[in-house]
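I have placed the structure first, in the form of structure tokens, so that the comments after it can refer back to it.
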Amino acid sequence: MKKIFKIIFYLIALSAVVFLFRAPLTQVLLSLQNKYLPCSHPITYSVGSFDERFGISKEKFLSIANTAKETWEKSIDKQLFTYAPNGDGELKINLIYDIRQEASQKLKNIGITVSDSKASYNDLKSRYNTMQADYLKLKTEFESRVTAFQNRQNAYAKEVVYFNANGGASETDFNRLNKEKNYLDTEFIEINKLQAGLNSEVDNINALVVVLNRLVSSLNLEVKKFNTIGSDLGGEFEEGTYKESSAGREIDIFQFDNEGKLARVLTHEFGHALGLEHLENPKAVMYRLNNGVNEKLMIDDILALKKRCGLSAL
Ligand SMILES: [Zn+2]
């Protein structure tokens, strides 16, 4: 009798553990299934964080995600992904707005359009050289104006101290000092304006640098990366990433210039979610650089998926 109680107690304890850890357990089971039985069940996906600053509606985003996942599905005539509208999909897609997208939009705002081509890169590079030269010229002017201002301000302060210590200034000196003070006040405002102008020039140059470095990566150019002014934006440019951890599976999207590029990066990251690695063919969606403008699969992509899903190559 005692033994039965013991067994019941252990069963209750076990079910309590299973109940408490049911969410992580589901995650573990799904990731095991994905690892050992790839393509056996459609991967459910939802939108995680969604930043409105990309200027794309959630409906449009979902419709492009749908096109991207269907690209893979059509190639082997099998459902591989299912959208989970209630947000509990095992794969979360996040739209993360940072310097990468901000830089592209900043350039658009000052009338610079960018495309993934060597011509666009050369155009941006010559703009960069011009802007950099203008900036350095302005900066030198600014610095000498600041030095002149500081010298005059120091001289003014000295005189004020002198006259205060010596029983006050004559009317002529008082008027002269007053005029000098007005000049210094106006000059201070002008210098602040110049500073604001310089700062916005720095922002524009830095945006250009971010986009130039993206082109260096995506065009695979053998050139040194450009440096930004005054800040380190670091890291290699990536339009998106796929990551898998005990916390779950996530696709992060950081940058796209148009819907074609978004479709391309989503298709690439969905490919990683299916377990595909990078391919050597520069035209393939699964090439390490996202240098294409559409989500069209190459034969290498399809063969890699077939191999992954255990389907024959024909
Ligand atoms: Zn990749």
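Residue numbers (my numbering): 1413 to 1726. Positions of the beta carbon are idealized from the N, C-alpha and C atoms, including for glycine. In this text, all values refer to a predicted model and were calculated from it rather than measured experimentally.
Using 10 angstroms around the beta-carbon of Phe1417, count the other beta-carbons present and answer buried if the total reaches 16, otherwise exposed. exposed
What is the DSSP secondary structure of Thr1456, counted as helix, strand or coil? strand
For the beta strand (DSSP E) holding Ser1657, just list the boundary residues, first then last. 1652–1657
Specify the secondary structure class of Arg1557 as computed by DSSP and reduced to three states. helix
Ligand 1 and Arg1626: does any heavy atom of the ligand fall closer than 7 Å to the residue's C-beta? no
Thr1494 by DSSP, collapsed to three states: which one? strand
Inspect the beta-carbon positions of Ile1617 and Tyr1547 and report whether they are closer than 8 Å. yes
At a threshold of 7 Å, does Arg1700 count as lining ligand 1 (C-beta to nearest heavy atom)? yes
With DSSP as the reference, label Asp1615 as helix, strand or coil. helix
So within the segment 1528–1603, which uninterrupted beta strand (DSSP E) runs reach at least 3 residues, ignoring any that extend past its ends? none
Quick one: using the 10 Å Cβ neighbour count with 16 as the cut-off for buried, is Leu1627 buried or exposed? buried
From Val1677 to Glu1553, what does the alpha carbon distance come to, in whole angstroms? 44 Å
Beta strand (DSSP E) segment containing Glu1662, residue limits: 1660–1665
Inter-residue CB distance, Val1526 and Val1635 (contact presumed, cutoff 8 Å): Wrong, their Cβ atoms sit about 17 Å apart, outside the cutoff.
With a threshold of 7 Å, establish whether the CB of His1453 neighbours any heavy atom of ligand 1. no
Segment limits, alpha helix (DSSP H) that includes Ile1711: 1711–1720
Helix, strand or coil for Leu1723, going by three-state DSSP, please let me know. coil
Please state if the CB of Arg1512 and the CB of Ile1524 are separated by a distance shorter than 8 Å. no
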